[in-house]
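Chain order of the listed sequences is E and L.
For the first sequence, full-length UniProt numbering gives the first residue as 1, with consecutive numbering after it.
For the second sequence, full-length UniProt numbering gives the first residue as 1, with consecutive numbering after it.
Heads up: the structure comes next, in structure tokens.
Number of protein chains: 2
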Amino acid sequence: MPATIRDVARASGVHISTVSRTFSAPHLVNPETRSRVLATAESLGYRPNRAARALITGRTHNVGLIVADIANPFFPPLIKAAESQARQRDYHIFVADTNEDATAEEELVLAMAKQVDGVLLCSPRMSNSLIEQCSREVPLVVINRLVTGLPSVVMDVGQGARDAIEHLAGLGHREIALLGGPRGSWTSREIRRSALLAARAAGADLTVLGPNPPTEDGGAAAADQVRRVGCTAVLAYNDLMAIGLLDELDSLGVRVPEEISVVGIDDIAPSRRTRPKLTTVATPTAAAGRAAVDMLLQHDNAPVARTARPGVGVGAVDGRRTTAQVTLQTELVIRDSTGPGPHLPADPGYAATAAPGPVASYVKE
Amino acid sequence: MPATIRDVARASGVHISTVSRTFSAPHLVNPETRSRVLATAESLGYRPNRAARALITGRTHNVGLIVADIANPFFPPLIKAAESQARQRDYHIFVADTNEDATAEEELVLAMAKQVDGVLLCSPRMSNSLIEQCSREVPLVVINRLVTGLPSVVMDVGQGARDAIEHLAGLGHREIALLGGPRGSWTSREIRRSALLAARAAGADLTVLGPNPPTEDGGAAAADQVRRVGCTAVLAYNDLMAIGLLDELDSLGVRVPEEISVVGIDDIAPSRRTRPKLTTVATPTAAAGRAAVDMLLQHDNAPVARTARPGVGVGAVDGRRTTAQVTLQTELVIRDSTGPGPHLPADPGYAATAAPGPVASYVKE
DNA sequence: CCAGGGGCTGCAAAGGTTTGCAGGAGAAGT
DNA sequence: ACTTCTCCTGCAAACCTTTGCAGCCCCTGG
Chain E
1 MPATIRDVAR ASGVHISTVS RTFSAPHLVN PETRSRVLAT AESLGYRPNR AARALITGRT
61 HNVGLIVADI ANPFFPPLIK AAESQARQRD YHIFVADTNE DATAEEELVL AMAKQVDGVL
121 LCSPRMSNSL IEQCSREVPL VVINRLVTGL PSVVMDVGQG ARDAIEHLAG LGHREIALLG
181 GPRGSWTSRE IRRSALLAAR AAGADLTVLG PNPPTEDGGA AAADQVRRVG CTAVLAYNDL
241 MAIGLLDELD SLGVRVPEEI SVVGIDDIAP SRRTRPKLTT VATPTAAAGR AAVDMLLQHD
301 NAPVARTARP GVGVGAVDGR RTTAQVTLQT ELVIRDSTGP GPHLPADPGY AATAAPGPVA
361 SYVKE
Chain L
1 MPATIRDVAR ASGVHISTVS RTFSAPHLVN PETRSRVLAT AESLGYRPNR AARALITGRT
61 HNVGLIVADI ANPFFPPLIK AAESQARQRD YHIFVADTNE DATAEEELVL AMAKQVDGVL
121 LCSPRMSNSL IEQCSREVPL VVINRLVTGL PSVVMDVGQG ARDAIEHLAG LGHREIALLG
181 GPRGSWTSRE IRRSALLAAR AAGADLTVLG PNPPTEDGGA AAADQVRRVG CTAVLAYNDL
241 MAIGLLDELD SLGVRVPEEI SVVGIDDIAP SRRTRPKLTT VATPTAAAGR AAVDMLLQHD
301 NAPVARTARP GVGVGAVDGR RTTAQVTLQT ELVIRDSTGP GPHLPADPGY AATAAPGPVA
361 SYVKE
């Protein structure tokens, strides 16, 4: 029923190979012939059958994108950016959701393997060795995890955590709690590592709580623990948890930031609207989505705009593909959920909710 | 490089057709042979090439899902539900985002047409006639719009709007504003129609504002207008706008619900966490996603669990496919953003933030 | 002992496209 | 006028799988 290349060939009096070339290698066909073919194709409503094309070229023009939880506001901007970047190159994106489950992850990669030219594996929960194994089945770009030998794009959450801790220490906090993320999260380990270092350097105590589910409920559930450890400031694995914590603290009658300061990570949209507005580490999620698509498609496609983001990108060459590791910068955004702590160095001019001088260079809005 | 059906056939000493049948019609092959084939297939890491399969069967086992804006928290639960429902039937989902743009919509449908077995068109902004045209290219299920002759699933926003208006009127509001949604939205028209009727019946004035972009900014931008029309209550096209409005009213020093009551529609996750908590009309988005997938796959697939949702589903038969129209029920959720208005009937026992008696049966939480 | 049938397997065509190779026409160079 | 070259087009194989048809073997019933 649908028009095939053969119908177009017949209707325009040329061989099917000419029609094929009209679409896939236009420069090889006489402009006159080309426009004639295009006209009849248009009139017949012809659209190339991608399955047939994929069969012979081995390239599906599809990309898989696997995320932990679509409903987590962290991901949609990334998905959106990846999708639009891919579409621009005539690729389509399969989206799948693992529900934070490591085994679902592997199954999904394998299920997609034969159907896509590559997979964007975002915030994986499975082990590195499993990821490597998957990467033998299908080209992989890992987002939010550094795995050696594999192209990956990560946010510099280490720097972000450091900034956050320094911000808190600078405000006079000495007892800080870290709300860890889910088990298996590279980001969570990275934050932890970096936060511990920064806390030590600043002469503050850091109590690590977790692992926790990276959701509002996870954050809310940790509120009790946070109070018990007697800290005056909290850094959460992500904004979602921070928001849940904020909410629960409010219900418990704990004032933020007067009694406890809270910092999140991600700067998702809702964080601008909490009361108090959430201080957080902004991660460039859209840029990450675009970069990942670029890295994946770079190898197969001739015309690729080199992603020469400033200050980013460490290249290494392995067997036959360039495995770049891209690190995107993060930025501390100071809002209203952080305030002076008990050890604030004497400085009479401070207003409780104003951002302190020393870290003002991080302020974004 | 990757193992094909031929490799498996050779390695297990059978014809390729036997291997094929092992996977696509297991009951036709001797159990003994079958397990042998499965074993060698496993050991070779064989996975059927879906492109080749699609080429001959004409079924891709893929479904397209087109939404207006992935970053709008309304959609992720729907996407998530659709994806998991589809996966359960061994289908994969292409997700695409139109950025609220009607022409992008059509392009996307057409681009996907040859690559999927059907498209879920969610909250379309294009005209009915264009949709019908698209439906000639590829099986379509429309979500959030009723278009005759096409299978569709909608939420009963009419009822929802009615409930909301009655709730407000019951609280003593006589001057109500409706924040309209984007141009081209069926839902927006439906809400408007229904709200006007309900307002008239309740003896209240309804001022329609809009169209507006269905975002937080859209809601915030309308705050000024809302104040100028002198209403004491607002029904917004969706929660996102309601949240934006809430936020802006707060900045302007307008107290909610004391001065103005606000009702949203959708009950997205963040609505539970605004201050005050948002009164809203809950729409069953996940159920809609599942139902839409079911309707789409129903026609092609033998084993289909009949979605016999109670109180739902009007069937009609056209040429060769059943074009059902499913309407899912909505539910008013009363929280803290609505309170008594100036014409509240004498009833001394009222507390300002408590839900009034007459509509208590709608309360969900 | 034969006919019939059921269970399983092999054969080969078909599906729509891409692409290396070859050939033809005309232009340009010698 | 002949070669060489460029530009364009046609030919046919190949990609991997599904599926209708036919054939085989073996069993059962008569």
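We put the CB at the ideal spot given by N, CA and C, even for glycine.
All values derive from a computational prediction rather than experimental measurement.
Members of the segment 256-284 of chain E near chain L, C-beta cut-off 7 Å: P270, R273, R275
Helix, strand or coil: how does DSSP classify E100 of chain E here? Along the first sequence, one-based indexing puts residue 100 of chain E at 100. Coil.
May I have the straight-line CA-CA distance separating G230 of chain E from E175 of chain E, to the nearest angstrom? Translated into the one-based positions of the first sequence, residue 230 of chain E becomes position 230. Translated into the one-based positions of the first sequence, residue 175 of chain E becomes position 175. If you take the alpha carbons of G230 of chain E and E175 of chain E, they lie about 7 Å apart.
N-terminal and C-terminal residue of the beta strand (DSSP E) that T327 of chain E is part of: Against the first sequence, residue 327 of chain E aligns to sequence position 327. Counting along the chain, the beta strand (DSSP E) containing T327 of chain E begins and ends at 325-328.
Mind checking who N62 of chain E pairs with in its DSSP beta bridge? Numbered from 1 along the first sequence, position 62 holds the residue referred to as residue 62 of chain E. Paired residue(s): E:H92.
Step through the CB atoms of chain L and report whether any lies within less than 9 Å of the CB of Q85 of chain E. Within the first sequence, the letter at position 85 stands for residue 85 of chain E. Chain L, which has no Cβ nearer than 9 Å to the Cβ of Q85 of chain E, makes this no.
Going along chain E in order, which residues have a C-beta closer than 7 Å to the C-beta of A52 of chain L? Along the second sequence, one-based indexing puts residue 52 of chain L at 52. Result: L55.
Examine chain E for any beta-carbon lying closer than 9 Å to the beta-carbon of L110 of chain L, and answer yes or no. Reading the second sequence from its first residue, position 110 is the one you call residue 110 of chain L. So, interface residue.
What is the C-beta distance between R59 of chain L and D117 of chain L, in whole angstroms, given that I count them as a contact (C-beta under 8 Å)? One-based indexing of the second sequence puts residue 59 of chain L at position 59. One-based indexing of the second sequence puts residue 117 of chain L at position 117. With 8 Å as the limit, R59 of chain L and D117 of chain L qualify as a contact, their Cβ atoms being about 6 Å apart.
Per DSSP, which one or two residues make a beta bridge with I5 of chain E? As a working mapping, residue 5 of chain E is identified with position 5 in the first sequence. DSSP lists no partner for I5 of chain E.
Considering only heavy atoms of the ligand NAP, does any lie closer than 8 Å to the CB of A222 of chain L? With respect to the ligand NAP, the structure offers nothing, as it holds no ligand at all.
To the nearest whole angstrom, what separates the beta carbons of T280 of chain L and D266 of chain L, a pair I think is in contact under 8 Å? Within the second sequence, residue 280 of chain L is the residue found at index 280, counting from 1. Within the second sequence, residue 266 of chain L is the residue found at index 266, counting from 1. Yes, T280 of chain L and D266 of chain L are in contact; Cβ-Cβ is about 7 Å, under 8 Å.
What residue range does the beta strand (DSSP E) around G180 of chain L cover? As a position in the second sequence, residue 180 of chain L is number 180, starting the count at 1. Unbroken run through G180 of chain L: none, as it is neither H nor E.
If we call anything under 9 Å between Cβ atoms a contact, is T207 of chain L one with A282 of chain L? For the purposes of this step, residue 207 of chain L is taken as the residue at position 207 of the second sequence. For the purposes of this step, residue 282 of chain L is taken as the residue at position 282 of the second sequence. No, these two residues do not count as a Cβ contact at 9 Å.
Based on the DSSP secondary-structure assignment, which residues constitute the bridge partners of A282 of chain L? Counting from one through the second sequence, the residue named residue 282 of chain L turns up at place 282. DSSP, once it has assigned bridges, lists L:D266, L:E331 as partnering A282 of chain L.
My assumption, with CB atoms under 8 Å, is that A222 of chain E sits in contact with G341 of chain E. Please give the rounded CB distance. Counting from one through the first sequence, the residue named residue 222 of chain E turns up at place 222. Counting from one through the first sequence, the residue named residue 341 of chain E turns up at place 341. That belief does not hold up - the Cβ atoms of A222 of chain E and G341 of chain E are roughly 20 Å apart, past 8 Å.
In this structure, how does DSSP classify L206 of chain E when only helix, strand and coil are distinguished? Taking the first sequence and counting its residues from 1, the one referred to as residue 206 of chain E is at position 206. L206 of chain E: strand per DSSP, three-state reduction.
Using the Cβ count rule (16 or more neighbours within 10 Å means buried), how would you classify P284 of chain L? Position 284 of the second sequence holds residue 284 of chain L. When all chains shown are included, P284 of chain L counts as buried.
Taking 9 Å as the cut-off, decide whether the C-beta atoms of residue 399 of chain E and I260 of chain E are in contact. Nothing about residue 399 of chain E can be reported from this structure: the residues present for chain E run from 1 to 365 only.
Beta strand (DSSP E) containing A236 of chain E: first to last residue? One-based indexing of the first sequence puts residue 236 of chain E at position 236. A236 of chain E -> beta strand (DSSP E) spans 233-236.
Applying a beta-carbon distance threshold of less than 9 Å, which residues of chain E neighbour A9 of chain L? Translated into positions along the second sequence, residue 9 of chain L becomes position 9. Neighbours of A9 of chain L on chain E: none; closest Cβ ~18 Å, over 9 Å.
Is the Cβ-Cβ distance between L332 of chain E and H92 of chain E less than 9 Å? By 1-based counting over the first sequence, the position of residue 332 of chain E is 332. By 1-based counting over the first sequence, the position of residue 92 of chain E is 92. No, Cβ-Cβ distance for L332 of chain E and H92 of chain E is not below 9 Å.
Consider the Cβ of E137 of chain E: report whether some Cβ of chain L lies at a distance smaller than 9 Å. To locate residue 137 of chain E, count along the first sequence from 1; it is residue 137. Judged by the 9 Å Cβ criterion, E137 of chain E is in contact with chain L.
Residues of chain E with CB closer than 7 Å to the CB of A288 of chain L, please, in chain order. Numbered from 1 along the second sequence, position 288 holds the residue referred to as residue 288 of chain L. Within chain E, no residue comes near A288 of chain L; the closest Cβ sits about 15 Å away, beyond 7 Å.
Closer than 9 Å between beta carbons: that is the criterion. Which residues of the segment 77-101 of chain E meet it against chain L? P77, I79, K80, E83, S84, R87, D90, H92, I93, F94, V95, A96, D97, N99
Cross-chain neighbours of T60 of chain E in chain L, by beta carbon under 8 Å: Taking the first sequence and counting its residues from 1, one reaches residue 60 of chain E at position 60. Going along chain L in sequence order, the residues near T60 of chain E (Cβ under 8 Å) are A51.
Which one or two residues does DSSP pair with residue 372 of chain E in a beta bridge? The structure shown has nothing for residue 372 of chain E, since chain E only spans 1 to 365.
Would I191 of chain L and G180 of chain L be called neighbours here (beta carbons separated by less than 9 Å)? Within the second sequence, numbered from 1, the residue matching residue 191 of chain L stands at position 191. Within the second sequence, numbered from 1, the residue matching residue 180 of chain L stands at position 180. Contact flag set, yes.
Proximity to E248 of chain E [Cα-Cα], best of E:R200, E:A195, E:G218: Here residue 248 of chain E refers to the residue found at position 248 of the first sequence. Residue E:G218 is the option with its Cα nearest to E248 of chain E.
In its own chain, which residues sit with a C-beta less than 6 Å from the C-beta of S12 of chain E, not counting the 5 before and 5 after it? Taking the first sequence and counting its residues from 1, one reaches residue 12 of chain E at position 12. Hits under 6 Å: R36, V37, T40.
Which residues, taken in chain order from the segment 31-47 of chain E, show a beta carbon closer than 7 Å to some beta carbon of chain L? R47
For V138 of chain L, which residues from the same chain have a beta carbon less than 6 Å from its beta carbon, with the 5 sequence-adjacent residues on both sides left out? By one-based count along the second sequence, residue 138 of chain L stands at place 138. Result list for V138 of chain L: A113, V119, in chain order.
From this set, L:A3, L:L245, L:R272, which residue's C-alpha is nearest R335 of chain L's C-alpha? Taking the first residue of the second sequence as 1, we reach residue 335 of chain L at position 335. Nearest option by C-alpha distance: L:R272.
Supposed contact pair L121 of chain E and L140 of chain E - C-beta distance, whole angstroms, cut 8 Å: Your numbering for residue 140 of chain E matches position 140 in the first sequence. Your numbering for residue 121 of chain E matches position 121 in the first sequence. At roughly 6 Å, the Cβ-Cβ gap stays under 8 Å, so L140 of chain E and L121 of chain E are in contact.
Leaving out five residues on either side along the sequence, give the residues of the same chain with a beta carbon under 7 Å from the beta carbon of A195 of chain L. Start at 1 with the first residue of the second sequence, and residue 195 of chain L comes out as number 195. Closer than 7 Å at Cβ, skipping near neighbours: A161, I165, L178, L206, L235.
Chain E beta carbons: is any one of them nearer than 9 Å to that of E216 of chain L? The residue you call residue 216 of chain L lines up with position 216 of the second sequence. Taking Cβ atoms only, chain E reaches closer than 9 Å to E216 of chain L, which makes this a yes.
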